[in-house]
Amino acid sequence: MGSNDFVGNEHLTPRHPLAETPPCPSTGMSFALMECTLLFLGLGVEYVRLLLSVMSAPILFCVGRSFEPTVVLHPRSGIRQGDPLSPLLFDVITVLLIYDIKSLKIELVLLLYADDILFCVLGRGSKQDKDLRAALYRLGIFGYFSGLKVNASKTYAVVKVREGEASPSTLAGVVVKPHVKYLGSLLGNVSEEKAYAPAIAKMMARARAMAALPLGLMEKSFLFASWVAPVCYLTARAYRPTEHVCSQLDLVHRTALGLTNWNLTMPILLLPPSEGGLGQASLSAYAQWAHSHAFVTYVLRPGRFAEQHSGPFRRWAAAQGLLMEEEFLPYLQLGPVPLSRPSFLQGCLKAYSVTRRWGGGVPPPPEHR
1 MGSNDFVGNE HLTPRHPLAE TPPCPSTGMS FALMECTLLF LGLGVEYVRL LLSVMSAPIL
61 FCVGRSFEPT VVLHPRSGIR QGDPLSPLLF DVITVLLIYD IKSLKIELVL LLYADDILFC
121 VLGRGSKQDK DLRAALYRLG IFGYFSGLKV NASKTYAVVK VREGEASPST LAGVVVKPHV
181 KYLGSLLGNV SEEKAYAPAI AKMMARARAM AALPLGLMEK SFLFASWVAP VCYLTARAYR
241 PTEHVCSQLD LVHRTALGLT NWNLTMPILL LPPSEGGLGQ ASLSAYAQWA HSHAFVTYVL
301 RPGRFAEQHS GPFRRWAAAQ GLLMEEEFLP YLQLGPVPLS RPSFLQGCLK AYSVTRRWGG
361 GVPPPPEHR
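Counted from 1, the sequence shown has number 134 at position 134 by the UniProt record's numbering; the numbering is strictly sequential.
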């Protein structure tokens with residue numbers, strides 16, 4: 001695992017005629033023209049569809065024999081701060097990176113969020129070392145063209161070892177640590193209590209800020225659900241909330257809502273609105289649900305994309321113009337890699353030569369002009 005630079009850009013699926021398509025606000029380029037440009041670059045239709053419809057949110061890509069986007073997280077703030085490229089050019093290079101990594105035929109999982117990358121390389125021993133070196137080389141090329149260089153001083157690896165085994169000090173030249181921090185969550189060889197500690201501290205700070213606001217119970221409940229509770233979502237999916245963690249989570253909830261009688265008020269809030277409640281479960285119940293949902297998704301039915309995302313993801317996908325019927329699901333999996341295609345380096349250079357005419361962005365390095 002490691003964390004580095006990556007970003008997604010907000011686009012909508014193009015609708016049809018070129019003349020009727022509004023311009024992209026960040027580049028002045030219509031979405032239809034953007035689609036034509038990406039197709040001209042040699043990307044398949046399924047790649048272009050994925051880019052124009054799903055790159056508006058960070059995505060977890062599983063690269064390997066089972067290659068499918070499986071988790072979508074909604075960004076709550078700007079995700080392009082300091083990016084020197086035009087959004088179009090950055091997205092082209094992003095898709096080329098995904099395109100190229102898939103051609104490596106290695107088992108790799110990437111989570112892309114803002115300027116952070118967390119990726120997991122499966123396997124053990126020399127194979128894992130070789131696959132990680134190949135992935136880091138691709139990320140180096142990506143950073144060379146995108147301007148978001150890999151920061152070696154902030155890149156770490158976590159190695160999962162069997163009980164009694166010693167963890168190596170380095171892997172593919174990357175320093176090995178017992179755990180890494182990603183999006184406020186500790187991931188790696190840590191206990192449940194330690195894994196939840198950063199999220200609980202952040203939620204408690206927000207809970208105290210909430211408690212000081214002159215809001216009613218209903219307003220605080222809505223603010224809690226949208227601002228405080230999501231902080232522990234990633235941690236809860238990775239680590240089961242223990243009894244001690246649950247008591248801490250409920251303390252955060254009680255502090256945020258200012259509940260003096262937790263055992264009496266929380267069951268009332270849990271009731272649906274038709275019965276006088278707010279339909280809000282406790283924070284500990286939310287964490288337990290997130291963990292059990294992850295277990296069902298990734299262990300019991302790992303291949304059932306439609307079933308995994310029958311609720312929130314389907315609604316989000318519909319808003320982006322994605323068709324989630326069974327026959328359209330292959331378009332969400334990026335399809336097969338063409339037998340003949342330019343290298344990643346050549347693709348990035350071609351992206352510069354084409355997109356600079358319409359989308360702006362920085363010029364290519366002097367030695368490649």
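All C-beta atoms in this analysis are idealised placements derived from N, C-alpha and C, irrespective of residue type, glycine included.
Which of helix, strand or coil does DSSP assign to residue i?
| i | result |
| --- | --- |
| THR235 | helix |
| LEU213 | coil |
| TYR156 | coil |
| GLY164 | coil |
| LYS105 | coil |
| THR265 | helix |
| LEU223 | helix |
| PRO178 | coil |
| VAL228 | helix |
| LEU122 | coil |
| LEU271 | coil |
| ARG136 | For the sequence presented, residue 136 should be read as Leu rather than Arg. LEU136 falls in the helix class under three-state DSSP. |
| GLN288 | helix |
| LEU278 | coil |
| ASN151 | coil |
| ARG80 | Because the pLDDT of ARG80 is 42, which lies under 50, any placement of that residue in the model is unreliable, and the question is left without a value. |
| ALA205 | helix |
| LEU334 | Confidence in LEU334 is poor, its pLDDT being 27 and thus under 50, which makes the residue's placement unreliable; the coordinate value appears in the next sentence. Three-state result, LEU334: coil. |
| GLU192 | helix |
| TYR144 | helix |
What residue from the options has the CA that sits closest to residue i's CA?
| i | options | result |
| --- | --- | --- |
| ASN151 | GLY188, VAL158 and PHE142 | PHE142 |
| ASP131 | GLU219, SER167, GLY173 and PRO178 | GLY173 |
| LEU104 | ARG133, TRP227 and SER274 | ARG133 |
| GLY125 | ILE117, LYS160, ASP100 and LEU118 | LYS160 |
| GLN280 | VAL175, MET266 and TYR144 | MET266 |
| VAL231 | GLU165, PRO214, CYS120 and TYR196 | TYR196 |
| LEU139 | GLY123, PHE119 and SER221 | PHE119 |
| VAL245 | SER274, GLU275, GLU192 and ASN261 | GLU192 |
| GLY188 | PRO178, TYR182 and LYS194 | PRO178 |
| LYS194 | GLN128, LEU215, TRP227 and PRO241 | PRO241 |
| PHE222 | SER282, ASP100 and LYS154 | SER282 |
| ALA199 | LEU213, ASP100 and LYS181 | LYS181 |
| ALA229 | GLY276, LEU39 and ARG254 | ARG254 |
Residue i and residue j look like a contact to me (Cβ under 8 Å); what is the Cβ gap, rounded to whole Å?
| i | j | result |
| --- | --- | --- |
| SER284 | ALA238 | Between ALA238 and SER284 the Cβ distance is about 16 Å, and since that is not below 8 Å, they are no contact. |
| ALA290 | ALA236 | 4 Å |
| ALA157 | LEU171 | 5 Å |
| ALA287 | LEU234 | No, ALA287 and LEU234 are not in contact; Cβ-Cβ is about 11 Å, not under 8 Å. |
| VAL252 | MET210 | The pair is not a contact, with the Cβ atoms about 10 Å apart (cut-off 8 Å). |
| LEU217 | LEU257 | 6 Å |
| PRO168 | VAL175 | Going by Cβ atoms, the distance from PRO168 to VAL175 rounds to 10 Å, so no, they are not a contact pair. |
| TRP227 | ARG206 | 6 Å |
| LEU278 | LEU269 | 5 Å |
Where do the ends of the beta strand (DSSP E) carrying residue i lie?
| i | result |
| --- | --- |
| SER185 | 185 to 188 |
Where does the unbroken alpha helix (DSSP H) through residue i begin, and where does it stop?
| i | result |
| --- | --- |
| VAL245 | 243 to 257 |
Cβ of residue i versus every heavy atom of the ligand SAM: is any distance shorter than 7 Å?
| i | result |
| --- | --- |
| LYS154 | The model depicted lacks the ligand SAM and carries no ligand whatsoever. |
With a threshold of 8 Å between beta carbons, is residue i in contact with chain C?
| i | result |
| --- | --- |
| ARG133 | No chain C appears in this structure, which consists of one protein chain only. |
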